[in-house]
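Here's the structure, in structure tokens; my notes come after.
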Amino acid sequence: MRRNLLFTAIVLAMCTSLRAEGTDDYGVWGEVNVEKTVAQKWTVGVNAHFRTKETSAQLDRWGVGVDASYKLHKYLKLGAGVELLNDYTPVKIKDWDGAGWEFDTEDGTAERKTGYRRTESYLTPKWRLKFEVSSGVKIAKWVKISARVRYRYARVGSVSALRTKFRKTDSYNAVSLQDWQWALSEAGEWTSELTDPKEKDAYSNHQLRSRVKIEMDRKRVKWHPFVSGEVFNDLSDGGNMYKIRLAAGCGYDINKHHNITLAYVLTMHERETEADFGERMHATSVNYNIKF
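Pasting the structure below:
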């Protein structure tokens, strides 16, 4: 029991003291799962989740799903499910490439052009189909080691986002050409113009996710610390490994039917041009599970 509490305290400290720096980001992941055993070997469930990013200041995505599993053997379970998701992309501002100064030293005048392009926020719809096989075994009656392999097909819908360009030209007069000093003579007014929308075509991808999990699971003990590691392979790109996810956390059995799990999750994305990993996503994950 003391070991369980110590492990949980360490995980909680990691989650609450986390700060994102450099290529790192931080978010909160929340999920609710409801599961019902409908027959001796069959279980069905529904779930809803959300995620944030940009140091948890911005919504990243949300979705709902349904799934079912069948216990084929004492140590083997099959599962399948479908998810409907929405990825949120916020407003983006990009500076105008043509911005800059134009000088006329003979007249002693100059123009300074500034501008930017604004792309409105948009949602990217997705639906996913998954099939998985999992297995687990207990060691010394208190450590459970489990493995899961999941195939996932995803269909990403097309999107169209409005884009507007803004331009302004300020006029200047030379105060001293020798010292290259200029004074604003007339401030320009911002003009706006709708441009071609940002278009993204629909596409599909195939992924394989392989996870190993080690969990403390003793009878009559409500705390269940765990660690896990997962590898993501893109089957649409020759099986290339593009992401690794590590997690450490603890589950707590509120009662026979309700459980809450808190975890620290680190997701590392592979760089496109280098062999090491680039962007790292740190997240505090909170799951509430209901079983009937």
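Residues in the sequence shown are numbered consecutively from -11, following this note's numbering.
The beta-carbon is built from N, C-alpha and C at its ideal position, and this holds for glycine as well.
Please read all numbers here as calculations on a predicted model, not as lab measurements.
Inter-residue Cα distance where the pair is residue i and residue j
| i | j | result |
| --- | --- | --- |
| Tyr240 | Ser109 | 38 Å |
| Asp222 | Ala142 | 11 Å |
| Val26 | Lys65 | 15 Å |
| Asp167 | Trp84 | 28 Å |
| Ala68 | Gly124 | 18 Å |
| Ile232 | Pro213 | 21 Å |
| Gly33 | Glu23 | 4 Å |
| Val147 | Leu182 | 17 Å |
| Ser164 | Asp75 | 54 Å |
| Glu19 | Thr249 | 10 Å |
| Trp17 | Arg206 | 27 Å |
| Leu234 | Lys279 | 26 Å |
| Asn243 | Asn35 | 20 Å |
| Val52 | Asp13 | 24 Å |
| Val121 | Val200 | 12 Å |
| His245 | Gly226 | 42 Å |
| Thr(-4) | Asn277 | Unreliable positioning characterises Thr(-4) in this predicted model, as indicated by a pLDDT of 49, which lies under 50. The coordinate reading is nonetheless provided below. So the two alpha carbons sit approximately 18 Å from each other. |
| Val54 | Met204 | 28 Å |
| Leu150 | Glu258 | 31 Å |
| Ser5 | Lys29 | With a pLDDT of only 44 at Ser5, under the threshold of 50, the placement of this residue in the model should not be trusted, and no figure is reported. |
For residue j and residue i, believed in contact at Cβ under 8 Å, the rounded distance
| i | j | result |
| --- | --- | --- |
| Arg39 | Gly15 | 6 Å |
| Thr43 | Lys80 | Not quite, the Cβ-Cβ distance comes to about 18 Å (not below 8 Å), so this is no contact. |
| Val70 | Thr112 | Val70 to Thr112, Cβ: 17 Å. No contact. |
| Val215 | Ala236 | 5 Å |
| Trp115 | Leu72 | 5 Å |
Assigned secondary structure, residue i (DSSP; H/G/I helix, E/B strand, else coil)
| i | result |
| --- | --- |
| Asp205 | coil |
| Ser146 | coil |
| Asp75 | strand |
| Asp225 | helix |
| Gly96 | coil |
| Ile242 | coil |
| Pro185 | coil |
| Gln46 | strand |
| Arg268 | strand |
| Tyr63 | coil |
| Lys82 | strand |
| Glu315 | Here the chain comprises residues numbered -11 to 280, so residue 315 is not present and cannot be evaluated. |
| Ser57 | strand |
| Phe119 | strand |
| Phe280 | coil |
| Val26 | coil |
| Glu258 | strand |
| Lys101 | strand |
| Gln166 | coil |
| Ser109 | coil |
| Ala190 | coil |
Nonlocal neighbours in the same chain, by C-beta distance under 8 Å from residue i, ignoring five residues either side
| i | result |
| --- | --- |
| Ala178 | One point to set straight first is that residue 178 is Trp, not Ala, in the sequence displayed. So the qualifying residues of the chain are Phe154, Arg155 and Lys156. |
| Gly103 | Asp83, Trp84, Gly86, Ala87, Lys153, Phe154, Arg155 and Lys156 |
| Glu99 | Trp89, Glu90, Thr157, Asp158, Ser159 and Tyr160 |
Sequence-distant residues of its chain with Cβ nearer than 6 Å to residue i (five each side left out)
| i | result |
| --- | --- |
| Cys3 | Only weak support is given to the placement of Cys3: the predicted model assigns it a pLDDT of 46, under 50, and the question is left unresolved by the model. |
| Phe119 | Ala68 and Tyr139 |
| Ser180 | Thr152 and Phe154 |
| Met269 | Asp13 and Thr255 |
Cutoff 7 Å; reference residue i; Cβ partners in own chain excluding five residues on either side
| i | result |
| --- | --- |
| Thr77 | Ser109, Tyr110 and Thr112 |
| Lys41 | Asp13, Gly15 and Asp48 |
| Lys210 | Tyr240 and Asp241 |
>> Using a Cβ distance threshold of 8 Å, determine whether the stretch 188 to 207 contacts the stretch 128 to 139, with at least three qualifying pairs required.
In response: yes
> Does the stretch 126 to 133 come within contact of the stretch 165 to 184, defined as at least 3 CB pairs closer than 8 Å?
Replying inline: no
> Counting pairs of beta carbons, one from the stretch 120 to 128 and one from the stretch 183 to 190, are three or more of them closer than 8 Å?
Replying inline: no
> Does the stretch 55 to 62 come close enough to the stretch 85 to 101 to have 3 or more Cβ pairs within less than 8 Å?
Replying inline: no
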